[in-house]
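Novice:
Numbering (our numbering), first residue to last: 13 to 234.
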């Protein structure tokens with residue numbers, strides 16, 4: 013699966029309820045803008061990955077729908093039932109078991125396309141996951157053709173995915189592993205170099221003066 017075979021699925025909650033643990037990192041009036049900026053950078057990086065043929069966002073939020081459509085991503089409605097249900101719906105029902113599928117969280121603003129590509133190339137038969145920087149959560153779960161996704165996202169998801177038979181991928185991939193749940197995570201992203209949308213928002217609120225010029229964000233979801 014070295015060609016552009018993968019369908020990447022990103023589930024997104026309503027912006028009004030997303031990232032509650034991150035509140036206070038920026039002024040409350042800018043919180044939803046920050047969540048959406050991080051999502052834009054995540055989806056932009058996914059779409060620029062050579063191994064990804066299709067980017068699908070599962071959401072019922074109209075603002076997210078508009079932004080993701082503008083990036084060229086395919087948007088499908090959230091079926092309800094929570095995060096794992098949204099992932100199963102996008103990956104196994106809409107994309108279908110005949111394709112290799114990967115689900116990612118939408119809070120990876122420092123993600124580089126080549127990091128994602130390396131992770132997908134490392135994912136062989138069966139199911140594989142990438143743990144977050146803390147080691148307890150999951151930022152990516154991949155399933156080969158013919159294999160159900162079987163997501164177990166939530167508290168302690170890395171251990172849950174390992175217990176379910178998914179194999180952990182050991183690559184470094186700092187931008188892929190650094191999700192953003194707290195203000196401390198956001199500071200870590202500033203060191204790694206966030207994407208253009210997140211950097212612009214953070215610069216606007218006075219949290220950073222410059223963006224990492226080497227950050228590769230060009231490309232549109234296909």
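Where a beta carbon is used, it is the ideal one built from N, C-alpha and C, also for glycine.
1) For the structure I just gave you, are there three or more beta carbon pairs, one from the segment 148-159 and one from the segment 83-93, closer than 8 angstroms?
2) Measuring straight from C-alpha to C-alpha, what distance separates residue 41 and residue 18?
3) Consult DSSP for residue 88 and reduce its assignment to one of helix, strand or coil.
4) Please report the distance separating the alpha-carbon of residue 33 from that of residue 125.
5) Output the boundary residues of the beta strand (DSSP E) element that contains residue 71.
6) Can you name, in chain order, every residue of its own chain whose Cβ lies under 7 angstroms from the Cβ of residue 79, other than the five neighbours on each side?
7) Can you tell me which residues form a DSSP beta bridge with residue 23?
8) Suppose only complete runs of 3+ residues qualify. What are the beta strand (DSSP E) ranges in the segment 137-164, listed by chain order?
9) Taking the DSSP output, what are the residues bridged to residue 113?
10) If we count the other Cβ atoms within 10 Å of its Cβ and call it buried at 16 or more, is residue 119 buried or exposed?
11) Would you give the residue range spanned by the alpha helix (DSSP H) that residue 186 belongs to?
12) Please report the distance separating the alpha-carbon of residue 112 from that of residue 59.
13) So the alpha helix (DSSP H) residue 127 belongs to, where does it begin and stop?
14) Between the alpha carbons of residue 168 and residue 148, how many angstroms are there, rounded?
Specialist: Answer, in terms of the structure:
1) Cβ pair count under 8 angstroms is below three, so no.
2) It is roughly 37 angstroms from the alpha-carbon of residue 41 to the alpha-carbon of residue 18.
3) Three-state DSSP puts residue 88 in a strand.
4) Near 27 angstroms, if we compare the C-alpha coordinates of residue 125 and residue 33.
5) It is not in any beta strand (DSSP E) - residue 71 carries neither H nor E in the DSSP assignment.
6) Closer than 7 angstroms at the Cβ level, and outside the excluded window around residue 79, lie 48 and 52.
7) DSSP output for residue 23 lists 70 as bridge partner(s).
8) List check, beta strand (DSSP E) in window: 139-143 and 150-155.
9) Looking at the DSSP assignment, residue 113 forms a beta bridge with 19 and 155.
10) Under this definition residue 119 is a buried residue.
11) Start and end: 186-189.
12) In a straight line, the C-alpha of residue 112 is about 16 angstroms away from that of residue 59.
13) Taken as a continuous stretch (DSSP letters only), the alpha helix (DSSP H) holding residue 127 covers 125-134.
14) Cα-Cα distance, rounded: 5 angstroms.
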